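Okay, structure first, notes after.
Protein chains in written order, with this note's numbering: chain A, 149 to 273; chain B, 205 to 422.
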């Protein structure tokens with residue numbers, strides 16, 4: 149751990165109040181200050197992790213701009229993160245296209261326009 | 205609508221949602237946040253203001269910039285997506301910590317619950333640094349509790365010794381400090397001390413916010 153990283157958690161980068169608000173979103177939980185401090189620190193670590201991995205993916209693809217697809221690939225490479233994050237990320241454009249293609253191939257009996265999107269395509273919803 | 209899961213409060217990650225305002229949380233302001241249990245049949249389940257559901261995008265971007273190569277860019281939708289990921293992460297850990305806490309018949313999530321959740325959810329790598337941070341936090345909090353009302357001038361003098369001593373995690377027991385251990389929190393809340401903003405202002409203002417301690421460690 150560099151000294152800079154050692155310093156940062158004592159001044160967490162995230163506003164304490166906001167951390168608590170987000171924690172309480174799903175239910176009205178009670179949390180002591182130490183715990184919300186740790187959540188803040190760990191969130192900082194997680195964000196750094198995401199940034200680093202996403203940047204790696206972008207570099208692999210020789211892109212200067214980190215995009216959602218890079219983020220998605222980075223998430224897919226880390227098992228614990230997949231567990232809670234993959235469903236939140238929009239399905240990549242290319243795979244929607246190929247899914248649409250395969251659908252029209254398979255379901256020739258139904259007009260494509262009238263067909264509702266299958267539930268699993270609504271991952272982004 | 206079912207709000208038990210992480211996704212209940214999230215906006216649709218949709219490019220046409222009009223949320224691509226960079227650097228500022230100018231998302232649609234919604235009604236005040238109410239306890240989820242009271243949302244009834246109201247279909248407006250976005251009863252939390254957008255800006256309360258996410259970390260400020262400025263903070264998120266700042267942290268990312270420290271990590272990314274200097275000339276790297278981040279697309280606007282990636283920035284927003286990451287903002288959501290951050291909130292998802294918080295919910296994820298909190299949910300697990302809360303369940304653990306309740307299984308143990310307690311009502312308030314503690315640091316130990318959080319650490320437990322880290323381990324359970326596969327973020328074992330974080331446990332060690334978090335434990336160090338926790339020890340420092342407790343050390344500082346302990347000092348703050350025991351020495352209030354010290355004059356500002358004295359506090360400034362002690363930063364050097366405090367900085368050195370505080371780095372040794374073993375020194376977190378109260379009463380074992382060999383340095384003066386003056387508290388340097390002008391205000392009464394840890395929240396003020398833990399303010400995220402980097403403040404390079406006057407030393408007196410910084411003292412009130414506890415900043416010099418961190419500056420000492422730089």
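Don't be surprised by glycine CBs; every beta carbon is placed ideally from N, CA and C.
The structure presented is a predicted model; accordingly, all values stated were derived computationally and were not measured.
List the residues of chain B that residue i touches, going by C-beta distances under 7 Å, in chain order.
{"i": "residue 196 of chain A", "result": "267, 271"}
{"i": "residue 178 of chain A", "result": "311, 312, 313"}
Expressed to the nearest angstrom, what Euclidean distance is found between the alpha-carbon atoms of residue i and residue j?
{"i": "residue 201 of chain A", "j": "residue 222 of chain A", "result": "5 Å"}
{"i": "residue 176 of chain A", "j": "residue 271 of chain B", "result": "34 Å"}
{"i": "residue 311 of chain B", "j": "residue 168 of chain A", "result": "16 Å"}
{"i": "residue 298 of chain B", "j": "residue 308 of chain B", "result": "15 Å"}
{"i": "residue 235 of chain A", "j": "residue 248 of chain A", "result": "19 Å"}
{"i": "residue 226 of chain A", "j": "residue 277 of chain B", "result": "23 Å"}
{"i": "residue 290 of chain B", "j": "residue 230 of chain A", "result": "14 Å"}
{"i": "residue 328 of chain B", "j": "residue 239 of chain A", "result": "29 Å"}
{"i": "residue 295 of chain B", "j": "residue 340 of chain B", "result": "25 Å"}
{"i": "residue 233 of chain A", "j": "residue 193 of chain A", "result": "16 Å"}
{"i": "residue 172 of chain A", "j": "residue 336 of chain B", "result": "26 Å"}
{"i": "residue 273 of chain B", "j": "residue 346 of chain B", "result": "39 Å"}
{"i": "residue 224 of chain A", "j": "residue 251 of chain A", "result": "25 Å"}
{"i": "residue 94 of chain A", "j": "residue 293 of chain B", "result": "Since the first and last residues shown for chain A are 149 and 273, residue 94 of chain A lies out of range."}
{"i": "residue 214 of chain A", "j": "residue 208 of chain A", "result": "11 Å"}
{"i": "residue 330 of chain B", "j": "residue 245 of chain A", "result": "39 Å"}
{"i": "residue 306 of chain B", "j": "residue 174 of chain A", "result": "15 Å"}
{"i": "residue 349 of chain B", "j": "residue 334 of chain B", "result": "22 Å"}
{"i": "residue 343 of chain B", "j": "residue 303 of chain B", "result": "28 Å"}
{"i": "residue 385 of chain B", "j": "residue 210 of chain A", "result": "Bear in mind that a pLDDT of 41 at residue 385 of chain B, under 50, signals an unreliable position, so the model cannot answer this."}
{"i": "residue 228 of chain A", "j": "residue 253 of chain B", "result": "29 Å"}
Using a Cβ cut-off of 8 Å, pull out every chain B residue sitting near residue i, in sequence order please.
{"i": "residue 192 of chain A", "result": "267"}
{"i": "residue 219 of chain A", "result": "282, 285, 286, 289"}
Could you list which residues in chain A have their beta carbon closer than 7 Å to that of residue i, in chain order?
{"i": "residue 257 of chain B", "result": "170, 173"}
{"i": "residue 343 of chain B", "result": "Chain A residues near residue 343 of chain B: none, gap ~10 Å exceeds 7 Å."}
{"i": "residue 261 of chain B", "result": "By Cβ distance, chain A contributes nothing, its closest Cβ being about 12 Å from residue 261 of chain B, past 7 Å."}
Taking Cβ to Cβ, would you say residue i is nearer than 9 Å to residue j?
{"i": "residue 281 of chain B", "j": "residue 216 of chain A", "result": "yes"}
{"i": "residue 286 of chain B", "j": "residue 195 of chain A", "result": "yes"}
{"i": "residue 321 of chain B", "j": "residue 300 of chain B", "result": "yes"}
{"i": "residue 186 of chain A", "j": "residue 319 of chain B", "result": "yes"}
{"i": "residue 259 of chain B", "j": "residue 197 of chain A", "result": "no"}
{"i": "residue 190 of chain A", "j": "residue 164 of chain A", "result": "no"}
Assign residue i to one of three DSSP states: helix, strand, or coil.
{"i": "residue 191 of chain A", "result": "helix"}
{"i": "residue 179 of chain A", "result": "strand"}
{"i": "residue 277 of chain B", "result": "strand"}
{"i": "residue 164 of chain A", "result": "helix"}
{"i": "residue 214 of chain A", "result": "strand"}
{"i": "residue 335 of chain B", "result": "helix"}
{"i": "residue 312 of chain B", "result": "strand"}
{"i": "residue 286 of chain A", "result": "Nothing can be reported for residue 286 of chain A, as the shown portion of chain A is limited to 149 through 273."}
{"i": "residue 356 of chain B", "result": "Only weak support is given to the placement of residue 356 of chain B: the predicted model assigns it a pLDDT of 48, under 50, and the value that follows is read from those uncertain coordinates. Correct three-state label for residue 356 of chain B: helix."}
{"i": "residue 285 of chain B", "result": "helix"}
{"i": "residue 324 of chain B", "result": "helix"}
{"i": "residue 226 of chain A", "result": "coil"}
{"i": "residue 318 of chain B", "result": "helix"}
{"i": "residue 264 of chain B", "result": "helix"}
{"i": "residue 209 of chain A", "result": "coil"}
{"i": "residue 197 of chain A", "result": "helix"}
{"i": "residue 253 of chain B", "result": "coil"}
{"i": "residue 234 of chain A", "result": "helix"}
Note down, in chain order, every chain A residue with its Cβ under 9 Å from the Cβ of residue i.
{"i": "residue 295 of chain B", "result": "170, 171, 173, 174, 232"}
For residue i, return the contacting residues in chain A, with the cut-off set at a CB-CB distance below 8 Å.
{"i": "residue 292 of chain B", "result": "232, 233, 236"}
{"i": "residue 279 of chain B", "result": "213, 214, 215, 216"}
Assess, as a yes-or-no matter, whether the stretch 179-186 of chain A is touched by the stretch 254-268 of chain B under the definition of 3 or more beta carbon pairs within less than 8 Å. no
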